[in-house]
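Novice: Residue numbers (this note's numbering): 16 to 148. By construction, the Cβ of each residue, glycine as well, lies at the ideal position given by its N, Cα and C atoms.
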């Protein structure tokens, strides 16, 4: 009998996550970071990172996202600019717009909005240092 492991609980993947806004947490405002952040709670505002944002199942995020990679499994109402790619995995609910060179939307996802596929050179890289605090 094989057991399914939660990919975020394996040591290799968990060590790659540099920050967590866990289930039950709420944050409103502007968030800038480097590395990989996983959101499991609620976030409203602006997110800037040249790296990776993971929005987990059960998370609720609204606002503006400017990132390198965005991986969505929760509920997102946002405008997203991603320099590398966006992945939307079931049971995600997405409402908004996405601009990225690579978009993956799994079967079972609710997607209401627009997407624009562009060359990666056309998406300006978000730089944490250049964002006002």
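Note the first and the last residue of the continuous alpha helix (DSSP H) segment covering residue 31.
Specialist: Annotation: the continuous alpha helix (DSSP H) that includes residue 31 extends over 26–31.
Novice: What are the boundary residues of the beta strand (DSSP E) that residue 115 is part of?
Specialist: 108–115
Novice: If you follow the beta strand (DSSP E) that residue 91 is part of, which residue opens it and which one closes it?
Specialist: 90–103
Novice: Buried or exposed for residue 135, please, with buried defined as at least 16 other CB atoms from any protein chain shown within 10 angstroms of its CB.
Specialist: exposed
Novice: Report all residues from its chain with a CB closer than 7 Å to the CB of residue 93; omit the five preceding and five following residues, and keep chain order.
Specialist: 76, 77, 78, 79, 80 and 111
Novice: Please list, in chain order, all residues of the same chain as residue 130 whose beta carbon is under 6 Å from its beta carbon, the five residues on each side excluded.
Specialist: 113 and 118
Novice: Excluding the 5 residues flanking residue 72 on each side, which residues of the same chain have their C-beta closer than 7 Å to its C-beta?
Specialist: Excluding residues within five positions, the ones whose Cβ falls inside 7 Å are 88, 89 and 106.
Novice: Three-state secondary structure (DSSP) at residue 40?
Specialist: Coil.
Novice: Assign residue 33 to buried or exposed, taking buried as 16 or more other Cβ atoms, counted over all protein chains shown, within 10 Å of its Cβ.
Specialist: exposed
Novice: Beta-carbon within less than 7 Å of residue 126's beta-carbon, same chain only, minus the 5 sequence neighbours each way: which residues are those?
Specialist: Closer than 7 Å at the Cβ level, and outside the excluded window around residue 126, lie 103, 109 and 120.
Novice: For the beta strand (DSSP E) that contains residue 120, what are its first and last residues?
Specialist: 118–120
Novice: Looking at the secondary structure, which residues open and close the beta strand (DSSP E) in which residue 63 lies?
Specialist: Residue 63 -> beta strand (DSSP E) spans 57–63.
Novice: I'd like to know whether the C-beta atoms of residue 55 and residue 38 end up nearer to each other than 9 Å.
Specialist: yes
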